[in-house]
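S.K.: Structure below; questions to follow.
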Amino acid sequence: MTAQHPATPPTARTAATPHDPPSAAPAAGSDPRSTHAETAALLAPLFAPAPPPFALIRREGADEFDLLFGDVIEVDTLDDIPLPELSGSDEPRHDVLALVPYRQIRERGFEAYDDGTPLRCLRVTAQASLPFAEVLAALPDTPVTLTGGGFDVDDTAYAAIVERVIAEEIGRGEGANFVVRRDYRDRLVDYSPATAGTLLRRLLTRESGAYWTYLIHTGDLTLVGASPERHVSAIGGEVVMNPISGTYRYPADGPDREGLLRFLRDGKEVDELFMVVDEELKMMSEVCDLGGQVLGPYLKEMGHLAHTEYVLRGQ
Numbered sequence: 177m178t179a180q181h182p183a184t185p186p187t188a189r190t191a192a193t194p195h196d197p198p199s200a201a202p203a204a205g206s207d208p209r210s211t212h213a214e215t216a217a218l219l220a221p222l223f224a225p226a227p228p229p230f231a232l233i234r235r236e237g238a239d240e241f242d243l244l245f246g247d248v249i250e251v252d253t254l255d256d257i258p259l260p261e262l263s264g265s266d267e268p269r270h271d272v273l274a275l276v277p278y279r280q281i282r283e284r285g286f287e288a289y290d291d292g293t294p295l296r297c298l299r300v301t302a303q304a305s306l307p308f309a310e311v312l313a314a315l316p317d318t319p320v321t322l323t324g325g326g327f328d329v330d331d332t333a334y335a336a337i338v339e340r341v342i343a344e345e346i347g348r349g350e351g352a353n354f355v356v357r358r359d360y361r362d363r364l365v366d367y368s369p370a371t372a373g374t375l376l377r378r379l380l381t382r383e384s385g386a387y388w389t390y391l392i393h394t395g396d397l398t399l400v401g402a403s404p405e406r407h408v409s410a411i412g413g414e415v416v417m418n419p420i421s422g423t424y425r426y427p428a429d430g431p432d433r434e435g436l437l438r439f440l441r442d443g444k445e446v447d448e449l450f451m452v453v454d455e456e457l458k459m460m461s462e463v464c465d466l467g468g469q470v471l472g473p474y475l476k477e478m479g480h481l482a483h484t485e486y487v488l489r490g491q
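Sequential numbering of the sequence shown, starting at 177, is according to this note's numbering.
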C-alpha cells in the first residue's frame, strides 16, 4: 500500500540502516525525462551488491515506472505509518510505501496466526518517473536456476485439512466459503540483486494484465511480483475495488472458445465470483455514503490464465 500526496498508491518495517539513494536520484517531487543512458546509470546501483532501499513499480497499462528511494522503518500498527502533514501543494507525490502483512488483520479484531512479519514502511525521500522502455532495457538478464521446489503442505495433508474444514467449520455453520492456503517454495541458486532484476524483467515480458508489477527492496527483504488485483484505491473522493474470482487456465495450445464458455458457465466459478462481489460491496457500503456502481462482469486476461472480475466504484 502506498501513501501518495495529494492523491493515493502501495506498502512494508525494517530496522535496516538507512542508505543514501544513488547520486543520480532526483530530488523528491521531480519527474525527469531521462535518456536511456541516464536511466541505466540510475538503475545500475540497484542491481549491484548492497543496494539501497527502493521500490520500482509499474501500474497497469502505464508507460512509466515509479522509482522510489527512502529509508525503511518498522511500525506496530497501521495508525503508526508515518504520514507527513499536508503541504498544500498540488503536485502529486509519494510519501510512504507500506508493506502490510496479513497479521495486521488483528487490528480489526480478527484472529490470525502471528508469523512475526513486521509492518515495514519505506519513507520516500527521492522519486522519479522513468519510461517503461528505458527501464526494461536497463534491467539485468542473467541466468536463473531453481532447486528444491515444492509445496509446504503435500497433497495428502492438504486434502485432510480440506476435509476437516468441511466437517468442523462448514458442517457446524461457522462459514460457507473458506480459502485453504499452501505455498510453493523454491530456492534460487547463487542469488544476487541482479537476479531480482532479471525476475522483474521476465514478469514484464511474460505476464500481461497485472495491476502492479514491482520490485521492492527494504535492505533485508526483496519482493518481486505481478499482482492481478486492485484491493482498494481512494483518489479524489472515488473509491474503487476490484473483486476477482474464477480462474481459467489456458490449455497448452492456448485458450479456445469452448473451454472458455465451459468456464463461464461453471456454477462453482459463478457462485465464487458473486460471493466476493457481495463481500466487497459490504466493505464499500461502509465508506461510500454517496452510493456507487457495479461494473462488469469482465474477463481479465493474463499471460497464462484468465479471471472473471467486477469493478466497484463509489463516492
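In this text, a Cβ means the ideal position worked out from N, Cα and C, and glycines have one as well.
Keep in mind the model is a prediction, meaning the values are calculated, not measured.
#1: How big is the Cα-Cα spacing for G435 and V251?
#2: What is the C-beta distance between E477 and P419, in whole angstroms, given that I count them as a contact (C-beta under 8 angstroms)?
#3: Could you give the distance in angstroms between the alpha-carbon of E214 and the alpha-carbon of R382?
#4: Using CA coordinates, which residue listed in F286, L475 and L232 is at the minimum distance from E405?
#5: Threshold first: 4 residues or longer. Then list the alpha helix (DSSP H) segments lying entirely within the segment 348–408, N to C.
#6: Could you give the DSSP three-state label for V300: helix, strand or coil?
#7: Take L275 as the anchor and find which of L254, S305 and H483 has the nearest alpha-carbon.
#8: Return the first residue and the last residue of the beta strand (DSSP E) that G325 is part of.
#9: Once you ignore the five residues that flank T323 on each side, which residues in its own chain have a CB closer than 6 angstroms to its CB?
#10: Can you list, in chain order, the residues of its chain whose CB lies under 7 angstroms from that of D290, leaving out five sequence neighbours each side?
#11: Could you give the first and the last residue of the continuous alpha helix (DSSP H) run that contains Y289?
#12: Please report the straight-line C-alpha distance between D447 and E350, rounded to a whole angstrom.
#13: For Q469, does the three-state DSSP call read helix, strand or coil?
#14: Please name the residue or residues paired with K476 in a DSSP beta bridge.
#15: Since L244 and L273 are thought to touch, with beta carbons under 8 angstroms apart, how far apart are those beta carbons, to the nearest angstrom?
#16: Ignoring anything shorter than 3 residues, give me the beta strand (DSSP E) runs that lie fully in the segment 210–254, in order along the chain.
#17: Kindly indicate which residue of L312, V452 and E462 has the alpha-carbon position closest to the one of V487.
#18: Please classify T389 as buried or exposed, where buried requires at least 16 neighbouring CB atoms within 10 angstroms.
#19: Run through DSSP, which three-state label would P277 get?
#20: Flag this pair as yes or no: are the beta carbons of T301 and P277 separated by less than 8 angstroms?
#21: When DSSP builds the beta bridges, which residues end up paired with E414?
#22: How far does the alpha helix (DSSP H) with G443 in it reach, from first residue to last?
M.R.: From the atom records:
#1: Here the alpha carbon of G435 sits roughly 47 angstroms from the alpha carbon of V251.
#2: That pair is no contact at about 17 angstroms.
#3: R382 has its alpha-carbon roughly 26 angstroms from the corresponding atom of E214.
#4: Comparing Cα-Cα distances from E405 to each of F286, L475 and L232, the minimum goes to L475.
#5: Listed in chain order, the alpha helix (DSSP H) elements of length 4 or more contained wholly in the segment 348–408 are 369–382.
#6: The answer is strand: DSSP assigns V300 an E or B state.
#7: Cα-wise, what sits closest to L275 is L254.
#8: That run of the beta strand (DSSP E) goes L322 to F327.
#9: Residues R363 and V365 of the same chain have their beta carbon placed closer than 6 angstroms to that of T323, with the five preceding and five following residues left out of the count.
#10: Correct list, in chain order: R279.
#11: Counting along the chain, no alpha helix (DSSP H) covers Y289, and no H or E run does either.
#12: Here the alpha carbon of D447 sits roughly 19 angstroms from the alpha carbon of E350.
#13: In the structure shown, Q469 sits in a strand (DSSP, three-state: E or B).
#14: Per DSSP, the beta bridge partners of K476 are H483.
#15: Their Cβ separation, rounded to whole angstroms, is 6 angstroms, which keeps L244 and L273 in contact under 8 angstroms.
#16: Taken in chain order, the whole beta strand (DSSP E) runs of length 3 or more contained in the segment 210–254 are 230–235 and 240–251.
#17: Ranking L312, V452 and E462 by Cα distance to V487 puts V452 first.
#18: Under this definition T389 is a buried residue.
#19: Judged by DSSP in its simplified three-state form, P277 adopts coil rather than helix or strand.
#20: When the beta-carbon positions are compared, T301 and P277 stay at least 8 angstroms from each other.
#21: Bridge partners of E414: I411.
#22: Per DSSP, the continuous alpha helix (DSSP H) segment holding G443 begins and ends at G443 to V463.
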